[in-house]
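Going left to right, the sequence shown walks through residues -16 to -1, 1 to 123 as mature numbering (1 follows the signal peptide of the UniProt record, and there is no 0) numbers them.
Glycine is no exception: its CB is placed at the ideal position from the N, C-alpha and C atoms.
Structure record follows, encoded as structure tokens.
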Amino acid sequence: MKILLLATVIAAAAESKCIITSSVCERFPHLTNKQFEDVLGERYLGTADNEPMCLRRAQQFHDWCGNPSSRSSVTVAASFDARTQLYSPDACDDGWVLYGSACYRFVDSLVDFFEAEARCNAMGANLASIHSEAENEFV
């Protein structure tokens, strides 16, 4: 039996949300390694309060992406916690770490802001901008 979807339900501290995480989206490659809240599903189908419906939306996304049913690895996950993360070994270059939909590189050199930004730019990157408590804990 092959498993296509992974559902991880963790009690959310505030309000429940249906989070869809995609590690593979063959039909639309720009959606590979993306994570998003299923706002339309929450609004019209009640996926925020309904674990099976949230999982069903992940299955629909899997099918919409054109991912074959014969794939033996997990390609789409549903969760009520945005920290759910699918590991994809080729998502980031060597020395970089995937968190959410971005790749991070940890550098412990003591330089000023402008030098740090210049070094990041030289690697085709930017300094991290923290947008959530979870991201802050990761960094």
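Per DSSP, the unbroken alpha helix (DSSP H) holding V23 starts and ends at 23 to 29. Annotated three-state conformation of A42 is helix, per DSSP.
Beta-bridge pairing by DSSP links C87 to L82. Contact check for Y88 and V81: beta-carbon distance about 5 Å, within the 8 Å limit, so the pair qualifies.
The residue from V23, F122, D22, S6 with its alpha-carbon nearest to that of L15 is S6.
With contacts defined as CB atoms closer than 8 Å, Y83 and F122 qualify as a contacting pair. Excluding sequence positions up to five before and after L111, its CB lies within less than 8 Å of the CB of F97, A100, E101, C104, all in the same chain and listed in chain order. In summary, D22 is buried, with 16 or more beta-carbon neighbours lying within 10 Å of its beta-carbon over all protein chains present. Between the alpha carbons of R11 and D47 lies a gap of roughly 10 Å.
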